[in-house]
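Going down the list, the protein sequences come from chains V and X. FYI, the numbering for the first sequence is 5 to 332, going by my numbering. FYI, the numbering for the second sequence is 339 to 898, going by my numbering.
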Amino acid sequence: MSDAVLDKQVKKQKTRRSKVDPEIGVSLSWKTLKIQKQLIFMSVPIAIYLIIFNYVPVWGWIMAFQNYRPALSFGQQEWVGFQQFKFLFSDETFMLVLRNTVAMSFINLVLGTVTAIGLALLLNEIRAKFFKRIVQSISYLPHFLSWVIAAGIVATSLSIDDGIVNVILMKLHLIKEPIMWLSEGKYFWGIVGASNVWKEVGWGTIIYLAAITSIDPSLYEAASIDGATRLQKMRFVTLPGIKATFVILLIMNIGHILDAGFELQYLLGNGLTIDYSQTIDIFVIKYGISMGNYSLATAAGIFKTIVSVVLVFMANYTAKRLGEERLI
Amino acid sequence: MHKTAKRSAKAAAAGVLALTLALTGCGSGNNSSNTGSKDNTSGGNASPAAAGDDNAPVTFSVFMSGPGQQPTPDNKILKLMKDKTGVSFNMEFLVGDLQQKLGVMIAGGDYPDIMSGDDKLINAKAYIPLEDLIEKYAPNLKKHYADVWNQIKDESDGHIYVLPSYGVYQGKITEPTYQGPGFWLQKKVLEEMGYPTPKTLDEYFDIIAKYKEKHPDVIGFESLNFDWRVFPLQNAPEHLSGHPNDGAVVVDNNVAQIFADKDMAKDYYKKLNEINAQGLMDKEAFVQNYDQYLAKIASGKVVGMFDQHWNFQDGETSLISQGKIEDTYIGFPLLYPGAEEWYRDRGAVGTNRGFGISINAKDPERIIKFWDQMITEEWQKTIQWGVKGEDYEVNADGSFYRTPEQRANADKTSWQVANKITGMHGYMPKIQGTYSDGNAADPGTQPQEFFDSLKPYDQKILKAYNKKSWSEFFKEPKENYIYFPAYSIVLKDGSPAQLAQSKLNDLQVKFLPKAIMASPAEFEGVWQDYVDKIHKLDIKAYEDRMNEGIQQRIEKWSVK
């Protein structure tokens, strides 16, 4: 194919594109499909994957309105309407676990974001590359531990029998007697929040550090020329620079507000703290799946999904009204 | 949750038992008694014309639902089996996650000839019914299972799919190593206190208090309230009041009721509340997980606890490997005044533990005939004890024993994989108790052999108590009631009974630690709160289901 021919084709494309309504972006026609066939071809497996794993299972939501029994065929299932939902919302335990889930999730969200941004800001100021890398590695390594191991470490550190936390507090003379951290409900949310920070802070920092590196260096230079101090540069250049990232991540995380987690609460919780430690996921395991009551588990799942979708749209709408970056 | 808990408990118990068997050894070879046995059985079961075909070489694939070690290719027992019956095996032990493996097997319908029992596989209709095959080809098996014939049938359709491996006893039950529940005390504590035998809670805690006074660093009384392992905290009252382990209920005159809210429970937890105030209870007992619990026991600092032996045995094993044998434990059956002891029980038949034949099996007849031969006493002795003169000796009065070298051999893993089939044997139908000649089923349960294989320190302790085994601290188990154990009665998924049971368990998990850790003045208040909350639950639904199950079992399981 000669260059001339190629040029001609490109030109042809351009003219066709110019007819496209700029608001819609791309008009779907067989021709465009043909031109972008590689792209379409590549996205087909992903679309199939999404349909199979994310859309087909929605069919299972029907279970929530049945008294589902695994061995029976679809026609034989007993329909019960909203009975499962009624049970959920009339059960006092469910209200308790809802409170715990939202509370722990909120704590995780706020603490997680604040510490990640804080660490990113501090790391950004470090000029010694070697030291920076070491700090980063150490802070994100716990992310790769499973919660089973992490919870074991947490439980051991909080033990009254030579647990590091109690030892330090005793040495500092802040407390006289070792405190049994895991025996009091009032400490539980804090422990979960702190454990999450310890495990995830380094990982959360990575994305903010990436956002910071994309800030135009000339802004810093200009600020220096204007006589800005280090703190002022952080306050007026870095923070606004990562605002877009922050808002997008916030919107995405708000969608997960009912996913406070399962493993940590399950592994650290005990009879004494059960009123503060049980989350929706634990409730679903206990009263749904392990009792073979799949309908109840599904109803709780639907509830979670609907709340998440509503929250994401609300956050997105708010961001739009405030003139911020948004997700959708 | 409770139901699975108990079942896993039994599973673990079975595993431990298998381990005991493994450690105590068996082997094989060629000797006259084995040859004799083979001839007898084949003569009895097969028509002479078919005898030639019966020994044609055949290989069966076997799947076992637990991890295990492959026997060596030239394994002594497998070789013997092949020589005498023509049967050899292609064994597959579980690697990775069982549920996942079963899911794949079921989805593909890809079953080996022989599979260990599992509810999931039963529900997937992966086994063939065995009762007709047994009637036709397996007189020895028929005899072996005669007493439990109705019990081993599947509850839903009345077929027998799995031949239980454990829980079918004959002769006398000799069980030197006690695995069940008890109030345990460290051997060194007993030694220092002059070998006392506590019979009541007061005497028991008195020993702990006195010992802790002299050694303030130790942990007096330990407990566990974690995940499904809640029985160390919840089950003591039923034993103290003279009931066997029926789970969350006690059964009197075939009527079950929960005991959590009764005085038998209150008295026990009130006592724990008192000893907590005295500083004898481990403060961390109710916040620790299972690993921390085991670690505490392995540290040798725990004086005593209530638990089932198999549940803390890993901790004890660690103590032994650290050479701290004096820190290991002896169990005592404490009782309330006037109660009659029932700590030891004759383990129930594990209805879904053992082997079944899959729908893909090439020759089910041949498999059942093989198992039928294996259940004869001669083969059982070969499998469980080994070969006479090689793996064990017989003294003048006919009882089996091992020389120190034979014992040392049996402890070695390398020797085991070449001379025993521990892994597969764990799932095969087997004789437990004693043979008709009075010898125990395996070296681990032969009283004299057991005593002789103990460490000198243990022998000294036992001599001081004038006993020969650990289980002698407990009374011989009574005959099981036909419905025993009540905890294995299936609660329908999602039923009010199941919901009530789960909520009751939640309350216990939450309130028992609260009551124990409250100051003695507050105990009554917390207890009243707890009992009130229990009475708000639909306990009646749970008790009704248990009683219904008991009546059904009495009707269906009785062999008339």
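Every residue, glycine too, gets a C-beta built ideally from N, C-alpha and C. Computed from a predicted structure; not experimentally measured.
Based on DSSP bridge pairs, tell me the residues matched to residue i.
i, result
"Q318 of chain X", "Nothing in the structure corresponds to residue 318 of chain X, since chain X is present only between 339 and 898."
"F86 of chain V", "DSSP, once it has assigned bridges, lists no residue as partnering F86 of chain V."
"E493 of chain X", "In DSSP, E493 of chain X forms no bridge with anything."
"M762 of chain X", "Partner(s): none; M762 of chain X has no beta bridge."
"L523 of chain X", "X:G642, X:I668"
"A778 of chain X", "X:T772"
"L501 of chain X", "X:F693"
"V396 of chain X", "X:V425"
"S454 of chain X", "X:F693"
Going straight from the alpha carbon of residue i to that of residue j, what length do you get?
i, j, result
"Y144 of chain V", "L126 of chain V", "15 Å"
"N112 of chain V", "R234 of chain V", "29 Å"
"A746 of chain X", "L272 of chain V", "43 Å"
"G382 of chain X", "L468 of chain X", "Reliability fails at G382 of chain X, whose pLDDT of 38 lies under 50, so the model's placement of it is uncertain and the value that follows must be treated cautiously. The alpha-carbon atoms of G382 of chain X and L468 of chain X are separated by roughly 20 Å."
"A349 of chain X", "S403 of chain X", "The predicted model places A349 of chain X with a pLDDT of 49, which falls under 50 and marks its position as unreliable, so this point remains unresolved."
"E329 of chain V", "I210 of chain V", "20 Å"
"T277 of chain V", "V593 of chain X", "35 Å"
"I172 of chain V", "V625 of chain X", "21 Å"
"E893 of chain X", "L315 of chain V", "57 Å"
"T512 of chain X", "K816 of chain X", "13 Å"
"W83 of chain V", "A879 of chain X", "23 Å"
"L837 of chain X", "D665 of chain X", "42 Å"
"G455 of chain X", "G764 of chain X", "12 Å"
"P858 of chain X", "V864 of chain X", "10 Å"
"P785 of chain X", "F849 of chain X", "43 Å"
"I926 of chain X", "V589 of chain X", "The displayed coordinates of chain X run from 339 to 898. Any statement about residue 926 of chain X would go beyond what the structure contains."
"G724 of chain X", "Q770 of chain X", "16 Å"
"I243 of chain V", "I229 of chain V", "Inspection of the sequence shows that residue 243 of chain V is occupied by Leu rather than by Ile. Distance between the alpha carbons of L243 of chain V and I229 of chain V: 19 Å."
"D451 of chain X", "W487 of chain X", "23 Å"
"Y72 of chain V", "D435 of chain X", "26 Å"
"S163 of chain V", "L842 of chain X", "29 Å"
"E560 of chain X", "M619 of chain X", "6 Å"
"I827 of chain X", "M884 of chain X", "7 Å"
"Q508 of chain X", "F427 of chain X", "28 Å"
"Q572 of chain X", "I546 of chain X", "21 Å"
"K750 of chain X", "W808 of chain X", "24 Å"
"L471 of chain X", "G292 of chain V", "40 Å"
"I415 of chain X", "N698 of chain X", "26 Å"
"M443 of chain X", "T714 of chain X", "33 Å"
"Q282 of chain V", "L149 of chain V", "22 Å"
"P742 of chain X", "E731 of chain X", "11 Å"
List the residues of chain V whose Cβ lies closer than 8 Å to the Cβ of residue i, in chain order.
i, result
"G447 of chain X", "Per Cβ cutoff of 8 Å: no residues; G447 of chain X is ~17 Å from chain V at best."
"N428 of chain X", "None at all; the shortest Cβ gap to chain V is about 32 Å."
"N563 of chain X", "N274, G275"
Just confirm the distance between the C-beta atoms of residue i and residue j, as a whole number of angstroms; I'd bet it's less than 8 Å.
i, j, result
"Q846 of chain X", "A598 of chain X", "6 Å"
"F708 of chain X", "T423 of chain X", "6 Å"
"L254 of chain V", "K308 of chain V", "No, L254 of chain V and K308 of chain V are not in contact; Cβ-Cβ is about 19 Å, not under 8 Å."
"L523 of chain X", "I668 of chain X", "6 Å"
"Y465 of chain X", "D565 of chain X", "The Cβ separation is near 31 Å, so there is no contact."
"Q839 of chain X", "A586 of chain X", "7 Å"
How would you list, in chain order, the residues of chain X whose beta-carbon sits under 8 Å from the beta-carbon of residue i?
i, result
"Y291 of chain V", "L837, S840"
So which residues on chain V does residue i lean against when the C-beta distance must stay under 9 Å?
i, result
"E622 of chain X", "S163, I164, D165, M184, L186, S187"
"N627 of chain X", "A155, G156, A159, L271, L272, N274"
Can you list the residues of chain X that residue i reaches, using a CB-CB cut of under 7 Å?
i, result
"G296 of chain V", "D831, G832"
Given that residue i touches chain X, what residues does it touch there, using C-beta distances under 9 Å?
i, result
"P278 of chain V", "Residue identity differs from the one stated: residue 278 of chain V is Ile in this sequence, not Pro. Within 9 Å Cβ-Cβ: D844, V847, K848."
Along chain V, which residues have their Cβ under 7 Å away from the Cβ of residue i?
i, result
"Q630 of chain X", "A159"
"P851 of chain X", "G275, L276"
Which ranges would you report for the alpha helix (DSSP H) in the segment 409-447 of chain X if only whole runs of at least 4 residues count?
Under the rule that a run must span 4 or more residues, the alpha helix (DSSP H) segments found entirely inside the segment 409-447 of chain X read 414-423, 436-446.
Report the residue ranges of all beta strand (DSSP E) runs contained in full by the segment 557-641 of chain X; include only those spanning at least 3 residues, in chain order.
Along the segment 557-641 of chain X, the beta strand (DSSP E) occurs as fully enclosed runs of 3 or more residues at 557-560, 587-590, 593-596, listed in sequence order.
Residue ranges of each alpha helix (DSSP H) run of no fewer than 4 residues wholly in the segment 57-136 of chain V, ordered along the chain?
Unbroken alpha helix (DSSP H) runs of no fewer than 4 residues, entirely contained in the segment 57-136 of chain V, are found at 87-94, 96-129, following chain order.
Which runs of the beta strand (DSSP E) fall wholly inside the segment 297-324 of chain V and span at least 3 residues, in chain order?
Listed in chain order, nothing qualifies, since the segment 297-324 of chain V has no complete beta strand (DSSP E) run of 3 or more residues.
List, from N- to C-terminal side, the beta strand (DSSP E) runs of 3 residues or more that fit wholly inside the segment 688-769 of chain X.
Correct list: 692-695.
4 or more residues per run - each alpha helix (DSSP H) lying fully within the segment 821-860 of chain X:
List check, alpha helix (DSSP H) in window: 834-855.
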